[in-house]
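A short write-up of the structure that comes next.
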Amino acid sequence: MQCRGDSLEGTGEVSLRRLIKETLRMRPDRLVVGEVREAEALDLLIALNSGIPRLANGT
Numbered sequence: 935m936q937c938r939g940d941s942l943e944g945t946g947e948v949s950l951r952r953l954i955k956e957t958l959r960m961r962p963d964r965l966v967v968g969e970v971r972e973a974e975a976l977d978l979l980i981a982l983n984s985g986i987p988r989l990a991n992g993t
């Protein structure tokens, strides 16, 4: 799954925050996220705390 911005009409945005929530509903074996900024960081921390195998790397 991949994020995307709005179309020219201003619709169709798929945010990282929405993708994280949708992924948790699918009960994944793994969750891989490339980069996190802003509000979705809290959603990702909640996801990582749910027991899904994970690897975190920060710089």
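At position 18 of the sequence shown (counting the first as 1) the number is 952 in the working numbering, and the numbers step up by one without a gap.
The beta-carbon is built from N, C-alpha and C at its ideal position, and this holds for glycine as well.
If you measure between the beta carbons of residue i and residue j, is that distance less than 7 Å?
{"i": "R938", "j": "V948", "result": "yes"}
Distance, Cα to Cα, residue i vs residue j?
{"i": "L958", "j": "D940", "result": "23 Å"}
{"i": "I986", "j": "L978", "result": "11 Å"}
{"i": "P962", "j": "I980", "result": "14 Å"}
{"i": "Q936", "j": "V966", "result": "11 Å"}
{"i": "R984", "j": "E972", "result": "A small correction: the amino acid at residue 984 is Ser; Arg does not occupy that position in the sequence shown. So the two alpha carbons sit approximately 20 Å from each other."}
What is the DSSP secondary structure of residue i, counted as helix, strand or coil?
{"i": "K961", "result": "Checking the displayed sequence, the identity of residue 961 turns out to be Arg instead of Lys. Looking at R961 - three-state DSSP - the assignment turns out to be coil, as it is neither helix nor strand."}
{"i": "R938", "result": "strand"}
Whole-angstrom Cβ separation of residue i and residue j, contact assumed at under 8 Å?
{"i": "V970", "j": "L950", "result": "7 Å"}
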